[in-house]
Amino acid sequence: MNFYILTLFPDMITQALNTSIIGRAKEKGILKITAVNIRDYTKDKHQKTDDYPYGGGAGMVMQAQPIYDAYQAVRAKMKKKPRTIYLTPQGPAFTQNMAKELAGEEDLVFLCGHYEGVDERVLEEIVTDSVSIGDYVLTGGELPAMVMIDAVSRMVPGVLANEDSAAWESFEGNLLEYPQYSRPYEWNGKKVPDVLLSGDHFKIEQWRREQSILRTKQYRPDLLKKADLTIREKAVYHVYDERN
Ligand code: 6GU
């Protein structure tokens, strides 16, 4: 899978995505991540990529030409028009389901905005999807692009060492993950729950499922309403009871 990031700060991207699991997937050739410096495509004699907003107001606006030419350089490598994601707090919030869907694409292009925004006309030409990563404001689209690339990458087959770890985890079926324990058996006066040492795999699965449900109920009651629960589980955990 190929990721192209159109940005004024390519170093931010290359530094962060060379480590750990994503770095290993790049070495294995499963992922290719290319940060494209928008400034390399400016035709301005002072290398400028932004200008004042028409109509006045604070800040600067990223100009259409350098972004469009950077996009065209990337587009030329592909057979079909790629999904092109504009990172903006004005988009719908990124979800695990979006990550899964985007992992099916061969090429993805990310456009990282800065300053007060991007000239609307180039957005109209190239953007297929606008995406936010949550209800807070960041200084630019680089961190959101990296968040998305991380989440999408780990859904690409072969990126995770153990494919099971992607199958059963937080947000699968809209439930949070159960707690994990490793050695030693006792640490800081706290013991590992005995069921995990019982060797009874059915009981262990039951306990983990209960923990998932209880955690989701406590921390993300909004998710629990959408969770894949049996009728019995809904009754036991009072899922539709507004008092809980
Ligand atoms: Cl995608 N961009 C910026 N600048 N701020 C954000 C965001 C994106 N998502 C949440 N806040």
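Using the numbering used here, the first residue of the sequence shown is number 8, and each one after it goes up by one. All C-beta atoms in this analysis are idealised placements derived from N, C-alpha and C, irrespective of residue type, glycine included.
Any non-hydrogen atom of the ligand 6GU closer than 8 Å to Asp136 Cβ: It does not: the Cβ of Asp136 is nowhere closer than 8 Å to a heavy atom of the ligand 6GU.
Reference Ile45, options Val81, Ser219, Gln218, Asp235, closest by Cα: Comparing Cα positions, the closest option is Val81.
Where the alpha helix (DSSP H) through Ser27 begins and ends: Ser27 -> alpha helix (DSSP H) spans 27 to 34.
Boundaries (first-last residue) of the beta strand (DSSP E) holding Thr223: The continuous stretches of beta strand (DSSP E) do not include Thr223, which lies in the alpha helix (DSSP H) extending over residues 208 to 226.
Beta-carbon spacing of Tyr59, Met67 below 9 Å: Taking 9 Å as the Cβ cut-off, Tyr59 and Met67 qualify as a contacting pair.
Inter-stretch contact at 8 Å, needing at least 3 Cβ pairs: the segment 38 to 56 / the segment 91 to 109: No, they do not touch.
Separation of Ser219 from Tyr244, as counted between CA atoms: Each residue's alpha carbon lies about 11 Å from the other.
Which of helix, strand or coil DSSP assigns to Ser177: In the three-state scheme derived from DSSP, where H, G and I count as helix and E and B as strand, Ser177 is classed as coil.
Residue of Tyr143, Lys52, Tyr78, Gly64 minimising C-alpha distance to Ile12: Shortest Cα-Cα distance from Ile12 to any of Tyr143, Lys52, Tyr78, Gly64 involves Tyr78.
Classification of Ser205 by the beta-carbon crowding that lies within 10 angstroms, buried from 16 upward: Result: exposed.
Proximity test, Thr95 beta-carbon vs the ligand 6GU heavy atom, cut-off 8 Å: Within the cutoff, so yes.
Proximity winner among Ala152, Glu127, Arg216, Pro17, relative to Tyr61 (alpha-carbon distances): In terms of Cα proximity to Tyr61, the closest of Ala152, Glu127, Arg216, Pro17 is Glu127.
Residue of Val159, Lys224, Lys198, Pro200 minimising C-alpha distance to Ala32: Of Val159, Lys224, Lys198, Pro200, the residue nearest in Cα terms is Val159.
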